[in-house]
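Undergrad: For my numbering, add 4 to where a residue sits in the sequence shown, where the first one is 1. Just so you know, even glycine gets a beta-carbon here, dropped at the ideal spot from N, CA and C. On a predicted model such as this, the values are computed, not experimentally measured, just so you know.
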Amino acid sequence: MNTLELISSAAHAEAPTDGQVIDLANDVDPRTLTLDGVTRINLHFPKFTDGRAFSQAYLLRRRLDFKGDIRATGDVLVDQVLQMQRSGFSSAVLRADQNLAHAERQLQRYPEFYQGDSASPQALFTRQKATP
């Protein structure tokens with residue numbers, strides 16, 4: 005199930021800001037934030053090889069139970085979108101040279117995962133009912 009909204013960099017730049025938005029640097033511990041009234045948290049990827057925002061997203065979703073939009077910004081590549089979805093991101097702004105259609109296909113590639121993730125914390129074998 006695709007739960008990640010993909011946004012082109014042009015659409016992100018033109019979109020108005022709704023509600024209270026926090027831009028969180030990737031060296032900040034999310035547990036230090038006050039999340040009251042926050043509707044979106046932008047997590048930044050300064051380069052695609054820096055994965056600290058994945059950990060921040062997971063902390064926000066699973067430990068802090070943040071229900072708002074967690075958006076990936078910065079050097080976001082098609083190759084990362086599936087892991088972003090599994091880590092707790094709800095939207096991602098693709099780098100300007102990335103193809104939106106390719107990213108959509110990437111999100112449809114696998115219908116289920118064996119391991120748990122932020123959306124489905126239980127492993128697949130514990131979710132399946134035993135057949136007689």
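On the DSSP bridge list, what partners appear for residue 9?
TA: 95
Undergrad: Is it buried or exposed, residue 137, if we count other Cβ atoms within 10 angstroms and call 16 or more buried?
TA: Absent from the model: residue 137. The displayed extent of the chain is 5 to 136, so no value can be given.
Undergrad: Just to confirm, is the Cβ distance from residue 81 to residue 113 under 9 angstroms?
TA: no
Undergrad: Does the region 86-96 come close enough to the region 57-64 to have 3 or more Cβ pairs within less than 8 angstroms?
TA: yes
Undergrad: To the nearest angstrom, report how far apart residue 104 and residue 68 are at their CA atoms.
TA: For residue 104 and residue 68, the distance between alpha carbons rounds to 30 angstroms.
Undergrad: Ordered along the chain, which non-local residues of its own chain (more than five positions away) have a Cβ less than 8 angstroms from that of residue 30?
TA: The beta carbon of residue 30 is closer than 8 angstroms to those of 47, 48, 49, 50, 54, 56, 57 and 60 in its chain, skipping five residues each way along the sequence.
Undergrad: Measuring alpha carbon to alpha carbon, tell me which residue in 79, 43, 111 and 65 is nearest residue 25.
TA: Proximity to residue 25 across 79, 43, 111 and 65 peaks at 43, based on C-alpha coordinates.
Undergrad: The beta strand (DSSP E) with residue 49 in it runs from where to where?
TA: 42-49
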